[in-house]
Amino acid sequence: MTGVIAGVYSVTVTDKNGCTSGAQSFTVTEPSAITAVVQPTGALCPNNTGGTLTIVSITGGTGPYSWTWSTGVTQATSLTGLPGGTYTLNVSDLNGCPAVVIATVSTPTCPTVCVKPVLTVGSPVCNGSTYSISFYSDVTSITASAGTVDLVNHRINGISVGTPVSVTAVGGGGCVSVETVTSPASCATGVGGCTHRT
Numbered sequence: 001m002t003g004v005i006a007g008v009y010s011v012t013v014t015d016k017n018g019c020t021s022g023a024q025s026f027t028v029t030e031p032s033a034i035t036a037v038v039q040p041t042g043a044l045c046p047n048n049t050g051g052t053l054t055i056v057s058i059t060g061g062t063g064p065y066s067w068t069w070s071t072g073v074t075q076a077t078s079l080t081g082l083p084g085g086t087y088t089l090n091v092s093d094l095n096g097c098p099a100v101v102i103a104t105v106s107t108p109t110c111p112t113v114c115v116k117p118v119l120t121v122g123s124p125v126c127n128g129s130t131y132s133i134s135f136y137s138d139v140t141s142i143t144a145s146a147g148t149v150d151l152v153n154h155r156i157n158g159i160s161v162g163t164p165v166s167v168t169a170v171g172g173g174g175c176v177s178v179e180t181v182t183s184p185a186s187c188a189t190g191v192g193g194c195t196h197r198t
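Note that the numbering used here has the sequence shown beginning at 1, numbered continuously upward.
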């Protein structure tokens with residue numbers, strides 16, 4: 001008998017005189033299912049070809065095994081230089097029993113380059129009882145630790161005497177430039193020039 005499935009079978013033999021033998025039982029076994037384990041290593045950056053796939057083990061079925069990667073490569077235990085994406089490993093054993101493994105090479109998000117914004121801050125100028133300072137920046141996200149920021153006239157007004165002021169410019173990607181000046185302890189009216197640069 002061929003092509004039988006796994007199970008327990010009983011055989012009885014009868015001769016031409018009608019005499020029969022005792023029933024004999026036989027067990028037909030089958031190999032365990034094929035299991036393949038693939039270990040991926042992610043690419044270093046998007047559009048980078050630094051990923052790898054490595055066959056850790058193939059078990060079950062009946063060896064020897066043959067396999068083909070979805071890239072077309074056959075019988076290679078590892079693939080290198082892979083871009084991010086999904087790959088398939090097709091395995092078959094000596095009897096042609098198949099197994100399929102799907103593995104993913106990850107693609108992390110690479111950090112963006114941080115470019116600090118331009119920030120120029122002038123010297124304090126006395127306006128009666130308080131000081132003001134001028135500033136220039138190539139971004140509009142400007143904050144100050146004291147006084148009031150006037151983005152239209154590029155000034156920080158209402159700074160008390162003897163007060164340190166930190167001016168912060170925030171650019172793309174959260175990159176910042178900071179300049180700090182301190183107003184004099186008393187007001188002496190004059191014109192300040194740009195002295196602090198980033």
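Beta carbons are placed, not taken as given, at the ideal position from N, Cα and C, and that holds for glycine.
Beta bridge counterpart(s) of residue i as assigned by DSSP
i    : result
L53  : P40, L79
C45  : Looking at the DSSP assignment, C45 forms no beta bridge with any residue, so it has no partner.
Y65  : Bridge partners of Y65: none, in fact.
S137 : L119
V30  : Note on residue identity: the sequence assigns Glu, not Val, to residue 30. Paired residue(s): none; E30 is not in a bridge.
V149 : I156
V125 : S132
Per-residue DSSP class, three states only, for residue i
i    : result
G174 : helix
G60  : coil
G190 : In this prediction, G190 has a pLDDT of 46, which is less than 50 and means its spatial position is unreliable; nothing more can be read from the coordinates.
V73  : coil
P164 : strand
N95  : coil
V181 : strand
A23  : coil
T112 : coil
T2   : coil
T195 : The predicted position of T195 is uncertain, since its pLDDT is 44 and thus under 50; a value taken from the coordinates is nonetheless stated next. The answer is strand: DSSP assigns T195 an E or B state.
Span of the beta strand (DSSP E) around residue i
i    : result
N90  : 85-92
A99  : 98-105
I156 : 155-159
G7   : 7-11
D15  : Run containing D15: none; DSSP gives neither H nor E here.
T143 : 142-144
Closest by C-alpha distance to residue i, when choosing among the options
i    : options                : result
N157 : P83, F135, K116, P64   : F135
N48  : S78, T20, G84, D15     : G84
V170 : K16, A23, L119, T107   : L119
Y65  : I142, L94, L82         : L94
G50  : S78, V181, Q24, T68    : S78
V11  : S25, T20, C19, I5      : S25
T41  : T107, T52, V181        : T52
C45  : V139, S106, V181, A185 : S106
A144 : Y87, V178, T130        : V178
S32  : A76, T14, S92, T140    : S92
V8   : T27, I102, T14, Q75    : T27
Chain B contact for residue i (CB, 8 Å cutoff)
i   : result
T86 : The chain labelled as chain B is not found in the depicted structure, where only one protein chain is given.
- request: Determine contact between the region 86-100 and the region 108-125, defined as no fewer than three beta-carbon pairs at a distance below 8 Å.
  value: no
- request: Could you say if the region 50-60 and the region 28-40 meet the contact criterion of at least three C-beta pairs nearer than 8 Å?
  value: yes
message: Three or more C-beta pairs under 8 Å: does that hold for the region 146-165 against the region 122-132?
response: Counting C-beta pairs closer than 8 Å gives three or more between the region 146-165 and the region 122-132, which meets the contact rule.
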